[in-house]
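Visitor: Have a look at this one.
Residue numbers (this note's numbering), protein chains in the order written: chain C, 11 to 568; chain G, 11 to 568.
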């Protein structure tokens with residue numbers, strides 16, 4: 011018997027939030043530990059928190075420092091929050107191959123084609139029992155149902171034992187596209203003991219067992235058949251099974267299928283390319299839809315989350331190309347609204363209502379099922395695997411905590427390990443080892459910077475308080491030349507109905523203050539700035555009831 | 011028989027949105043029409059849409075111009091979105107009395123005490139059959155159940171017939187505090203014919219009949235009894251019945267009741283003052299809670315919507331005064347999360363989970379019921395009243411449209427009349443007459459300005475794009491003195507790891523451009539500005555992938 015190490019697990023993203031999944035498993039002595047990375051996802055900025063930010067991903071500094079010891083990157087499935095940061099982070103994570111199944115590989119390559127990383131770095135792997143050797147790890151992709159094809163639970167074998175990393179999953183016996191949930195297979199995988207089950211937690215608070223993708227086929231078919239007008243449906247473009255159900259139901263109801271939105275076209279063609287979508291009906295070009303009566307049209311549109319530029323939003327604002335909606339048409343949100351997007355989605359729905367369009371959403375549970383395992387499904391998984399320990403992943407803190415609590419209630423050792431918590435996966439259950447520095451990176455235009463760099467905080471302060479710029483010119487005797495000059499942005503300036511009254515008042519206050527200041531004070535930039543900041547703040551507080559952000563620019567003529 | 015006019019109805023707020031209710035009814039010839047105003051509510055800014063704005067209310071310019079023809083202001087109930095704008099708008103709406111029932115009057119007076127409007131303007135009115143004569147209108151407050159005491163349906167009699175204005179309502183036979191829903195009374199009110207039913211629409215998409223406040227008493231009692239730790243609950247402070255249910259259940263479970271948060275204290279004392287809350291248990295001062303074991307404590311905390319400064323948020327961040335939570339305590343959200351607040355509420359819940367606190371919310375429907383009528387209740391109301399026409403109010407456009415559709419399906423004439431749509435309430439049903447200008451006003455610090463004034467738009471642009479300020483000094487020969495000086499806010503400046511590299515680059519680009527410009531160009535401010543804007547935009551696009559907001563300040567030394 012050779013001596014072994016306890017494998018370690020750490021989340022750099024995805025544990026303590028929904029989205030931005032990025033996990034790593036390590037094996038070996040700490041100073042020479044070898045790593046594999048699981049998923050490299052993004053999260054999306056929130057309107058009021060991240061102005062000007064385009065995308066958010068995990069700060070991988072911890073792994074970057076030991077990138078030469080990363081032996082593989084494994085992508086469980088092709089959702090943005092699992093694959094979306096590859097173009098930005100792949101280089102930082104060294105040069106190890108990126109492994110994924112066929113559909114995910116295609117999506118990963120499409121993403122990398124827009125970056126400096128070679129698409130050739132992505133290696134397509136077949137389903138379990140095929141495995142990849144990556145350092146001390148042997149990794150296989152065991153098919154598991156989710157809301158995208160070819161989602162996989164990773165079977166990670168180490169010298170110390172087996173780890174099952176579920177990825178995102180649900181217990182769906184009939185997912186319609188891709189492989190069904192296979193409890194017997196999971197039992198077989200687990201029969202010799204599992205060191206740790208690292209498991210999706212997002213739906214731990216949903217008390218009913220999850221429903222199957224097949225459950226919504228009939229309601230969708232009825233809707234397609236019974237509505238007298240055009241039907242538009244939106245959903246996540248990557249939900250290939252849903253696209254297929256919608257399109258097939260439309261065809262049955264003698265509706266031509268039009269697809270609008272780049273994301274939809276890309277996903278459909280990728281699924282076709284890898285052979286996942288052999289029975290999708292012919293797609294009619296949007297330009298050829300004009301002559302067709304509304305009751306014979308079905309439109310599949312991207313933008314289920316209220317994205318302002320997506321096809322759904324364009325239709326809501328009046329039309330997409332020549333395609334437009336009218337009184338009596340139906341718009342189906344075959345999707346869940348992600349928390350934070352409620353208002354954006356409602357805005358779209360209100361615009362649609364203004365056109366007389368009837369909006370149907372998932373409120374009744376008829377037209378959408380979740381892609382994640384609910385509480386009873388999670389407990390069933392715990393039972394199937396019966397691991398030495400459970401590490402909840404993918405969830406906000408409250409989800410992780412509740413998932414751990416549920417496991418422990420059923421006698422499985424667990425630990426709450428938010429981003430940055432290094433956990434040893436021991437035969438006695440998961441043990442906290444240490445905390446490592448983690449954080450978030452912001453993509454803003456073409457630049458990437460840290461969440462803690464203060465840039466976004468500066469923007470938020472300007473947006474709450476406005477920005478006052480004071481321009482001063484002093485002559486060689488340190489006397490103010492002319493008056494102070496004040497410009498403002500984002501401040502109400504027309505006091506008592508008088509245009510620009512605020513600037514005029516501020517200029518006068520600053521000019522007066524500098525006029526009565528001593529030369530020693532005027533000659534010193536720091537003192538001038540202090541004086542000006544004080545006067546501007548006091549005056550704005552008096553006139554506006556709040557203090558602005560202030561920039562003082564002092565010019566001296568020698 | 012004297013000739014009559016068709017009464018008119020117009021929403022200045024509340025129709026096309028949830029919140030900010032402000033309606034007016036007019037009677038008489040257009041140029042000499044007399045008005046009554048119903049509700050004067052606020053709405054709250056959204057994080058990503060209204061940075062720096064404290065409150066939002068309706069632009070009442072249309073009514074302000076004819077304020078001398080307003081004969082009364084009627085407040086249906088004391089929720090912020092019905093009464094909250096009184097301190098800011100009462101003066102603009104002339105000098106007519108403000109009528110409300112006792113509890114609402116107290117709240118209205120408390121609000122006015124912080125404004126220039128005299129509290130004496132508020133007149134307390136008893137419930138129907140008491141009525142107030144206001145010009146051509148006779149108005150009575152018919153009690154109707156809602157999530158606050160003394161909510162009223164207004165019975166508005168005009169020479170042309172009766173109008174029923176429901177206010178916010180639900181069909182609750184056992185609201186626990188305040189009068190039960192009274193279908194027989196409404197039938198009696200309606201027996202001689204109703205010209206128009208103007209009706210709450212917020213829950214038109216909820217398909218099941220609403221539940222009673224009494225339905226949640228037992229689950230709450232069980233929770234109080236069975237939990238071994240401290241229980242904290244939050245809900246809307248104005249939901250007096252809920253506060254009473256929670257406090258009484260706590261007392262039964264031998265828990266002392268602590269109340270934290272100004273809003274809670276204010277509402278409880280107001281309800282007591284007007285005799286609505288005679289059986290609320292004694293309140294323990296938070297400072298005296300220290301010695302009491304957790305299982306004997308119950309804390310009622312304000313801040314159910316995730317408000318950052320409220321008592322709930324303080325507890326989540328570590329403590330309120332000396333009161334703090336620990337592993338095993340329970341935090342109950344006996345409330346619904348208003349759309350737009352989901353992320354703020356989840357943030358609080360995650361902080362609580364980090365302290366080991368179990369969060370219980372309304373997901374299971376055990377601990378909260380809505381205060382609004384669901385679709386079946388709305389249809390039942392239509393049937394009870396059988397009006398000549400239905401005008402849906404209080405709802406986003408989609409709610410109004412669906413409510414109108416539902417009415418018409420059952421043979422009642424209806425119209426969708428969002429804010430600014432003047433509707434004649436005729437015997438043949440409601441008819442669109444004209445559109446009047448409406449809008450929103452922003453309260454920002456102490457100033458009030460229009461939503462269209464562009465100030466918030468300026469802030470948003472700065473927050474998305476950052477702000478570059480360029481300072482130039484030209485000598486008497488129009489030559490640049492020294493270099494251009496650039497300051498930035500909200501921009502990433504440390505290009506390639508070099509601190510301030512962006513400013514340096516921008517200064518060089520602008521200095522070079524001005525250096526090679528002709529004197530005629532340099533002597534003209536407009537041409538200088540155009541040149542500088544162009545260079546800054548081009549350079550930022552190259553270096554950052556985006557264009558900033560820019561302010562150019564040109565100083566000339568003569």
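For every residue, glycine included, the Cβ atom is placed at its ideal position computed from N, Cα and C.
Under a CB-based cut-off of 8 Å, is residue 75/G close to chain C?
Guide: As a position in the second chain, residue 75/G is number 65, starting the count at 1. No, residue 75/G lies away from the interface with chain C (no Cβ there is under 8 Å from its Cβ).
Visitor: Quick one: which chain C residues come within Cβ less than 9 Å of residue 470/G?
Guide: Stepping through the second chain from its first residue, residue 470/G is reached at position 460. Within chain C, the residues near residue 470/G are 61, 473, 500.
Visitor: Taking the straight line between their C-alpha atoms, what separation do you get for residue 3/G and residue 353/G?
Guide: Only positions 11 to 568 of chain G appear in this structure, which leaves residue 3/G out of reach.
Visitor: Where residue 389/C and residue 417/C are concerned, what is the direct C-alpha to C-alpha distance, given to the nearest angstrom?
Guide: Here residue 389/C is taken as the residue at index 379 of the first chain, counted from 1. Here residue 417/C is taken as the residue at index 407 of the first chain, counted from 1. Cα to Cα, residue 389/C sits roughly 7 Å from residue 417/C.
Visitor: Output needed for residue 566/G: all residues of its chain with C-beta closer than 6 Å, excluding positions within five of it in sequence on either side, in chain order.
Guide: For the purposes of this step, residue 566/G is taken as residue 556 along the second chain, with counting starting at 1. Counting only Cβ-Cβ distances below 6 Å, and skipping sequence neighbours, we find 484.
Visitor: Which value, in whole angstroms, describes the spacing of the CA atoms of residue 385/G and residue 322/C?
Guide: Taking the first residue of the second chain as 1, we reach residue 385/G at position 375. Taking the first residue of the first chain as 1, we reach residue 322/C at position 312. Taking the straight line from one Cα to the other gives about 27 Å.
Visitor: By alpha-carbon positions, which one of 184/C, 183/C, 141/C ends up nearest to residue 165/C?
Guide: By 1-based counting over the first chain, the position of residue 165/C is 155. Taking only the C-alpha atoms, the option nearest residue 165/C is 141/C.
Visitor: Considering Cα atoms alone, identify which of 137/C, 326/C, 256/C, 348/C is closest to residue 293/C.
Guide: Counting from 1 along the first chain, the entry for residue 293/C is found at position 283. Out of 137/C, 326/C, 256/C, 348/C, 256/C has the C-alpha closest to the C-alpha of residue 293/C.
Visitor: Listing by chain order, which chain G residues have their CB less than 7 Å from the CB of residue 349/C?
Guide: Working through the first chain from its first residue, we reach residue 349/C at position 339. Those are 352, 353, 356, listed as they occur along chain G.
Visitor: Give the residues from the region 392 to 409 of chain G that approach chain C closer than 9 Å (Cβ to any Cβ), ordered along the chain.
Guide: Flagged, chain order: 406, 407, 408, 409.
Visitor: Classify residue 393/G as helix, strand or coil using the three-state DSSP reduction.
Guide: Taking the first residue of the second chain as 1, we reach residue 393/G at position 383. Helix at residue 393/G.
Visitor: Between the C-alpha atoms of residue 428/G and residue 116/C, what's the straight-line distance to the nearest angstrom?
Guide: Counted from its first residue, the second chain places residue 428/G at position 418. Counted from its first residue, the first chain places residue 116/C at position 106. Approximately 48 Å, taken between the alpha carbons.
Visitor: Of all the options 335/C, 19/C, 275/C, which has the alpha carbon lying nearest to the alpha carbon of residue 239/C?
Guide: As a working note, residue 239/C is residue 229 in the first chain. Nearest of 335/C, 19/C, 275/C to residue 239/C, Cα basis: 335/C.
Visitor: So residue 266/G is in the beta strand (DSSP E); what residue range does that whole segment cover?
Guide: Counted from its first residue, the second chain places residue 266/G at position 256. Counting along the chain, the beta strand (DSSP E) containing residue 266/G begins and ends at 266 to 270.
Visitor: At which residues does the beta strand (DSSP E) containing residue 229/C begin and terminate?
Guide: One-based indexing of the first chain puts residue 229/C at position 219. Here residue 229/C belongs to no beta strand (DSSP E); instead the alpha helix (DSSP H) covers 227 to 236.
Visitor: Please state if the CB of residue 91/C and the CB of residue 163/C are separated by a distance shorter than 8 Å.
Guide: The residue labelled residue 163/C in the question sits at position 153 within the first chain. The residue labelled residue 91/C in the question sits at position 81 within the first chain. Not in contact: residue 163/C and residue 91/C (Cβ atoms no closer than 8 Å).
Visitor: Less than 8 Å between the beta carbons of residue 8/C and residue 413/C, yes or no?
Guide: Any property of residue 8/C remains undetermined from this structure, which presents chain C solely from 11 to 568.
Visitor: Could you compute how far the alpha carbon of residue 63/C sits from the alpha carbon of residue 229/C?
Guide: In the first chain, residue 63/C corresponds to position 53, counting from 1. In the first chain, residue 229/C corresponds to position 219, counting from 1. Straight-line Cα distance between these residues: approximately 39 Å.
Visitor: Decide if the region 167 to 179 of chain C is in contact with the region 359 to 377 of chain C; the criterion is three or more beta carbon pairs, one per stretch, under 8 Å apart.
Guide: They do not touch, by the three-pair rule.
Visitor: Quickly, what does DSSP pair residue 167/C with across the bridge? List them, please.
Guide: Taking the first chain and counting its residues from 1, the one referred to as residue 167/C is at position 157. Per DSSP, 148/C, 172/C.
Visitor: Closest Cβ-Cβ distance between residue 448/C and chain G: below 8 Å?
Guide: In the first chain, counting from the first residue as 1, residue 448/C sits at position 438. Judged by the 8 Å Cβ criterion, residue 448/C is not in contact with chain G.
Visitor: If we define contact as Cβ-Cβ less than 8 Å, is residue 479/G a contact residue for chain C?
Guide: Numbered from 1 along the second chain, position 469 holds the residue referred to as residue 479/G. With 8 Å as the cut-off, residue 479/G counts as an interface residue toward chain C.
Visitor: Would you mind telling me which residues of chain G sit closer than 8 Å to residue 67/C, beta carbon to beta carbon, in chain order?
Guide: As a first step, residue 67/C must be located in the first chain, where it is residue number 57. By Cβ distance, chain G contributes nothing, its closest Cβ being about 16 Å from residue 67/C, past 8 Å.
Visitor: For residue 365/G, which of helix, strand or coil comes out of DSSP?
Guide: For this step, residue 365/G is matched to residue 355 along the second chain. Coil.
Visitor: Would you say residue 84/G lies against chain C (beta-carbon separation less than 8 Å)?
Guide: Mapped onto the second chain, residue 84/G falls at position 74. Closer than 8 Å: no.
Visitor: Based on DSSP bridge pairs, tell me the residues matched to residue 258/C.
Guide: Along the first chain, read from residue 1 onward, the residue named residue 258/C stands at position 248. The partner list for residue 258/C (beta bridge, DSSP) is empty, contrary to what the question assumes.
Visitor: Taking the alpha helix (DSSP H) that residue 547/G falls in, what are its first and last residues?
Guide: Working through the second chain from its first residue, we reach residue 547/G at position 537. Where residue 547/G is concerned, the enclosing alpha helix (DSSP H) stretches over 535 to 554.
Visitor: Please decide whether residue 554/G counts as near chain C, where near means a Cβ-Cβ distance under 8 Å.
Guide: Walking along the second chain from the start, residue 554/G turns up at place 544. By this cut-off, residue 554/G is an interface position.
Visitor: Which residues in chain C sit within 7 Å of residue 316/G, going by Cβ to Cβ distance?
Guide: In the second chain, the residue the question calls residue 316/G occupies position 306. Per Cβ cutoff of 7 Å: no residues; residue 316/G is ~12 Å from chain C at best.
Visitor: Which ranges does the beta strand (DSSP E) cover as unbroken runs of at least 3 residues, wholly within the region 75 to 131 of chain C, from first to last along the chain?
Guide: Counting whole runs of 3 or more residues, the region 75 to 131 of chain C contains the beta strand (DSSP E) stretches 80 to 84, 108 to 110.
Visitor: For residue 436/C, which residues in chain G fall below 7 Å Cβ to Cβ?
Guide: Residue mapping note: residue 436/C aligns to position 426 of the first chain, counting from 1. Those do not exist, as residue 436/C stays about 23 Å from chain G at its closest Cβ, beyond 7 Å.
Visitor: Considering residue 409/C, what are the terminal residues of the alpha helix (DSSP H) in which it resides?
Guide: Counting from 1 along the first chain, the entry for residue 409/C is found at position 399. Residue 409/C -> alpha helix (DSSP H) spans 407 to 419.
Visitor: Among all the DSSP beta bridges, which residues are the ones paired with residue 403/G?
Guide: Translated into the one-based positions of the second chain, residue 403/G becomes position 393. The partner list for residue 403/G (beta bridge, DSSP) reads 210/G.
Visitor: Within a Cβ cutoff of 8 Å, which residues of the same chain sit near residue 315/G, ignoring the five residues on either side of it in sequence?
Guide: Here residue 315/G is taken as the residue at index 305 of the second chain, counted from 1. Contacts found: 345, 347, 348, 351, 354, 355.
Visitor: Residues of chain C with CB closer than 7 Å to the CB of residue 215/G, please, in chain order.
Guide: Here residue 215/G corresponds to residue number 205 of the second chain, with the count starting at 1. In chain order: 373.
Visitor: Please tell me whether residue 68/G has its Cβ less than 8 Å away from any Cβ of chain D.
Guide: Absent here is chain D; the protein component of the structure consists of chains C and G.
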